[in-house]
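Below is one structure, written out as structure tokens; the observations come after it.
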Amino acid sequence: MSVRTSRFTSLSGLSIEPVYTPDHLKDWHADQDLGLPGAFPYTRGIHSTMYRGRLWTMRQFAGFGSAEDTNRRFHYLLHQGQTGLSVAFDLPTLMGLDSDDPRAQGEVGHCGVAISSLADMERLFDGIPLDQVTTSMTINGPAAVLFAMYLAVAQKRGIPFSQLGGTIQNDILKEYIAQKEWLFPPEPHMALIVDTIAYCAAHVPKWHPISISGYHIREAGSTAVQELAFTLYDGLTYVDAAVKAGLDVDAFAPQLSFFFNVHNDFFEEIAKFRAARRLWAREMERRYHPKNPRSLQLRCHAQTAGCSLTAQQPMNNIVRTSLQALAAVLGGTQSLHTNSMDESLALPTEEAVTLALRTQQIIAAESETVNTVDPLGGSYFVESLTNRLEEGARDYFRRLDGMGGMIRAIEGGFPQREILDASQRYQRELERGERSLVGVTEYVENTQRPIPILRIGSEVEQEQVARLSDLRKSRDPFRMAGALEEVQETAACHQNLMPALIEAVLAKATVGEICSALREVYGTYREPVVL
Amino acid sequence: MAVATAPLRILIGKVGLDGHDRGVKLVARALRDAGVEIIYTGLHQTPEQVVATAIQEDVHAIGLSIHSGAHNSLFPRVLHLLREQGAGDIALFGGGIIPDEDVPRLKSAGVQMLFRPATPMQEILDFVKGLHVGH
Numbered sequence: 009m010s011v012r013t014s015r016f017t018s019l020s021g022l023s024i025e026p027v028y029t030p031d032h033l034k035d036w037h038a039d040q041d042l043g044l045p046g047a048f049p050y051t052r053g054i055h056s057t058m059y060r061g062r063l064w065t066m067r068q069f070a071g072f073g074s075a076e077d078t079n080r081r082f083h084y085l086l087h088q089g090q091t092g093l094s095v096a097f098d099l100p101t102l103m104g105l106d107s108d109d110p111r112a113q114g115e116v117g118h119c120g121v122a123i124s125s126l127a128d129m130e131r132l133f134d135g136i137p138l139d140q141v142t143t144s145m146t147i148n149g150p151a152a153v154l155f156a157m158y159l160a161v162a163q164k165r166g167i168p169f170s171q172l173g174g175t176i177q178n179d180i181l182k183e184y185i186a187q188k189e190w191l192f193p194p195e196p197h198m199a200l201i202v203d204t205i206a207y208c209a210a211h212v213p214k215w216h217p218i219s220i221s222g223y224h225i226r227e228a229g230s231t232a233v234q235e236l237a238f239t240l241y242d243g244l245t246y247v248d249a250a251v252k253a254g255l256d257v258d259a260f261a262p263q264l265s266f267f268f269n270v271h272n273d274f275f276e277e278i279a280k281f282r283a284a285r286r287l288w289a290r291e292m293e294r295r296y297h298p299k300n301p302r303s304l305q306l307r308c309h310a311q312t313a314g315c316s317l318t319a320q321q322p323m324n325n326i327v328r329t330s331l332q333a334l335a336a337v338l339g340g341t342q343s344l345h346t347n348s349m350d351e352s353l354a355l356p357t358e359e360a361v362t363l364a365l366r367t368q369q370i371i372a373a374e375s376e377t378v379n380t381v382d383p384l385g386g387s388y389f390v391e392s393l394t395n396r397l398e399e400g401a402r403d404y405f406r407r408l409d410g411m412g413g414m415i416r417a418i419e420g421g422f423p424q425r426e427i428l429d430a431s432q433r434y435q436r437e438l439e440r441g442e443r444s445l446v447g448v449t450e451y452v453e454n455t456q457r458p459i460p461i462l463r464i465g466s467e468v469e470q471e472q473v474a475r476l477s478d479l480r481k482s483r484d485p486f487r488m489a490g491a492l493e494e495v496q497e498t499a500a501c502h503q504n505l506m507p508a509l510i511e512a513v514l515a516k517a518t519v520g521e522i523c524s525a526l527r528e529v530y531g532t533y534r535e536p537v538v539l
Numbered sequence: 004m005a006v007a008t009a010p011l012r013i014l015i016g017k018v019g020l021d022g023h024d025r026g027v028k029l030v031a032r033a034l035r036d037a038g039v040e041i042i043y044t045g046l047h048q049t050p051e052q053v054v055a056t057a058i059q060e061d062v063h064a065i066g067l068s069i070h071s072g073a074h075n076s077l078f079p080r081v082l083h084l085l086r087e088q089g090a091g092d093i094a095l096f097g098g099g100i101i102p103d104e105d106v107p108r109l110k111s112a113g114v115q116m117l118f119r120p121a122t123p124m125q126e127i128l129d130f131v132k133g134l135h136v137g138h
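Chains as they are written, first to last, in my numbering: chain A, 9 to 539; chain B, 4 to 138.
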């Protein structure tokens with residue numbers, strides 16, 4: 009290869025020096041900025057022993073077709089050594105629509121599993137010991153409804169809520185910013201989230217009621233700095249709402265969790281995890297003075313970057329994912345999903361998802377990177393990047409404060425526009441040849457080697473529609489209508505909705521019915537056009 | 004090449020329920036920067052809404068992005084509605100996560116072009132300018 013003439017910048021556009029020395033860490037103090045693992049400001053990790061004590065949770069996001077299809081995949085993954093479950097719901101479920109809604113046509117079971125009723129949820133977790141396995145559910149708009157279903161399944165099996173562990177994503181701010189699957193306007197959505205936080209604090213203490221997510225912000229095209237800034241600022245917005253609703257910060261902050269992307273820039277990503285922990289600890293300390301140190305600790309899940317995968321030469325994605333997974337481990341994540349090589353084409357096949365899981369297992373078992381905590385701590389380069397990411401995020405914090413907070417900023421289109429601009433900058437750099445993608449801009453092969461693709465048949469939709477039709481005929485209509493009325497009244501008078509939602513799902517009201525009852529009270533959201 | 008008499012008008016939008024609008028917005032921006040008049044519908048549009056907007060706005064073509072796996076039902080529905088409402092002359096193209104093996108069937112149904120992930124923007128611009136000549 010000829011002498012390189014390209015600019016040396018991180019994937020997020022930070023300029024990178026040829027070599028890093030103590031001069032780059034002049035204002036940096038190891039005792040204040042680094043500390044020890046398990047101690048403030050948690051730069052090196054939230055636990056003192058990290059992976060020496062316990063490895064990260066290997067949690068592959070899975071969901072497709074019917075509840076039975078996904079249940080089989082769950083049993084398969086647990087049998088293969090996976091240590092936690094993670095549910096992907098289909099788009100109609102994410103949008104609070106039943107499988108037989110006209111808008112759901114063609115989408116049932118495609119991007120995840122179709123869940124419309126408590127009966128679907130019971131089939132999804134058939135044979136899974138809910139008191140032993142932790143379950144993460146990627147659900148946002150209708151999160152409280154799906155959470156009510158999970159609780160109802162446990163209740164029917166006689167499992168106390170106190171033994172349930174898991175997470176609902178339940179992060180609506182990043183939906184308005186990036187992922188775009190919302191049901192209601194911001195204010196009632198925020199109130200509903202505070203309800204789930206309060207309910208968990210009182211009744212489901214091991215549950216994480218929210219997973220504040222940068223993943224989708226990054227997938228929408230943001231830089232690492234934007235991902236860090238918007239995610240942590242969203243987190244502070246939720247804390248603020250819960251505290252304003254009268255909750256003690258220590259009653260819920262230890263159960264908050266975060267979710268980050270792991271993209272291609274190896275060191276920048278490692279620095280992002282470290283900066284996230286430090287910035288969160290410092291901001292929580294400064295703003296809320298919690299007494300429980302766990303309220304200062306940023307726990308997180310990580311997923312390798314779906315948007316980094318290419319449809320061209322899909323086997324290359326295995327290598328990309330391995331590097332990203334290693335960065336997440338060196339960054340100190342608590343759990344990890346590794347993408348499958350075929351995900352730029354479709355949902356993963358069993359073979360592809362097994363390989364993705366094996367990638368994590370190889371890092372854990374063979375790379376010997378898990379023997380010491382924060383192995384890159386003290387590196388001039390990594391500490392300097394960590395500082396710059398924290399500074400970049402603080403700069404955004406000031407701008408967002410100046411706009412009156414995140415909800416006002418979203419209504420003005422600010423984070424959306426920043427992300428779109430960053431995405432366009434990257435696209436142009438790629439097209440000008442300033443960035444490379446192997447198999448796409450370089451080393452292109454004209455002959456394609458197709459890989460197997462998972463197909464979702466239309467029978468999933470037909471079965472779901474038939475089941476819903478049976479359900480609507482078989483349930484007690486008076487109990488169902490009464491439960492939905494109770495949901496609406498509780499929503500209208502701003503009481504905690506969780507008990508009413510649990511009763512509604514037990515009365516066999518569907519996700520779509522409950523969400524449309526809530527839409528009548530809360531209204532709908534129309535996003536500002538940002539182009 | 005024919006001399007442009009009126010600016011090209013293109014409806015760009017998302018049908019179905021997925022919210023992945025990064026690609027579609029980049030395409031919309033690039034076309035707008037190239038002088039094309041863009042009608043951007045935003046997210047979560049039904050085929051009925053898209054066709055109604057296309058007819059009302061008198062566009063030359065519709066470009067749709069689908070990442071949800073529902074392309075095999077949504078593209079044909081848009082085509083059907085266009086023909087049903089006498090607007091079969093409006094060209095339909097698209098992009099997103101669409102497996103190669105689905106492409107021939109969608110093209111023979113009448114979708115003029117489907118762009119794969121990582122298509123260079125210039126290719127999309129050239130395609131759209133080519134539409135203008137034929138219209």
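A virtual CB, placed ideally from N, CA and C, is assigned to each residue, including glycine.
Note that the coordinates shown come from a computational prediction; the quantities given were computed from them, not determined experimentally.
Name, please, each residue of chain B whose Cβ falls closer than 8 Å to the Cβ of residue i.
i	result
residue 118 of chain A	71, 72, 73
residue 318 of chain A	120, 121
residue 352 of chain A	100, 120
So, does the CB of residue i fall closer than 8 Å to a CB anywhere in chain A?
i	result
residue 86 of chain B	no
residue 68 of chain B	no
residue 28 of chain B	yes
residue 137 of chain B	Because residue 137 of chain B carries a pLDDT of 47, less than 50, the predicted location of this residue cannot be relied on, and the following value inherits that uncertainty. Output row for residue 137 of chain B: interface = no.
residue 128 of chain B	no
residue 89 of chain B	no
residue 10 of chain B	no
residue 21 of chain B	yes
Please confirm whether residue i and residue j have their CB atoms less than 8 Å apart.
i	j	result
residue 54 of chain B	residue 85 of chain B	yes
residue 26 of chain A	residue 388 of chain A	no
residue 219 of chain A	residue 265 of chain A	yes
residue 90 of chain A	residue 365 of chain A	yes
residue 205 of chain A	residue 236 of chain A	no
residue 105 of chain B	residue 74 of chain B	yes
residue 312 of chain A	residue 270 of chain A	yes
residue 315 of chain A	residue 227 of chain A	yes
residue 337 of chain A	residue 36 of chain A	no
residue 122 of chain A	residue 143 of chain A	no
residue 357 of chain A	residue 329 of chain A	no
With a cut-off of 8 Å, does the C-beta of residue i fall near any C-beta of chain B?
i	result
residue 535 of chain A	yes
residue 448 of chain A	yes
residue 103 of chain A	yes
residue 521 of chain A	no
residue 189 of chain A	yes
residue 96 of chain A	no
residue 294 of chain A	no
residue 10 of chain A	No answer about residue 10 of chain A holds up, because its pLDDT of 48 lies below 50 and its placement is not dependable.
residue 111 of chain A	yes
residue 193 of chain A	no
residue 240 of chain A	no
residue 459 of chain A	no
residue 168 of chain A	no
residue 100 of chain A	yes
residue 428 of chain A	yes
Give the residues of chain A in contact with residue i, contact being defined as C-beta atoms less than 7 Å apart.
i	result
residue 31 of chain B	539
residue 25 of chain B	228, 229, 431
residue 107 of chain B	Near residue 107 of chain B there are no residues of chain A at all, since even the closest Cβ is about 14 Å away, more than 7 Å.
residue 77 of chain B	114
Just the chain A side, please: which residues come within less than 8 Å of residue i by C-beta, in chain order?
i	result
residue 98 of chain B	Here the premise fails: no neighbours, minimum Cβ distance about 11 Å.
residue 124 of chain B	435, 439
Is residue i a contact residue of the ligand SAH, with contact defined as CB to any heavy atom under 7 Å?
i	result
residue 17 of chain B	Of ligands this structure carries none, so the ligand SAH is not represented either.
Using a cut-off of 9 Å between C-beta atoms, extract the partners of residue i located in chain B.
i	result
residue 322 of chain A	Within chain B, no residue comes near residue 322 of chain A; the closest Cβ sits about 11 Å away, beyond 9 Å.
* **Chain-ordered residues of the segment 32-56 of chain B with a beta carbon less than 7 Å from chain A** => Within the segment 32-56 of chain B, the qualifying residues are 32, 43, 45, 46, 49.
* Asked: Taking only runs of the alpha helix (DSSP H) that begin and end inside the segment 99-170 of chain A, which ones reach a length of at least 4 residues, in chain order?
  -> Entirely contained in the segment 99-170 of chain A, the alpha helix (DSSP H) runs reaching 4 residues are, in chain order, 99-102, 126-132, 151-165.
* Whole beta strand (DSSP E) runs in the segment 22-60 of chain B with 3 or more residues, listed along the chain? -> Here the runs fully enclosed are 40-43.
* **chain B contacts made by the segment 452-476 of chain A, where a contact means CB separation under 9 Å** => Cβ contacts with chain B come from 456, 458, 461, 463, 464, 466.
* **Sequence ranges, beta strand (DSSP E) only - wholly within the segment 299-332 of chain A, length at least 3** => Within the segment 299-332 of chain A, the complete beta strand (DSSP E) runs of at least 3 residues are 308-312.
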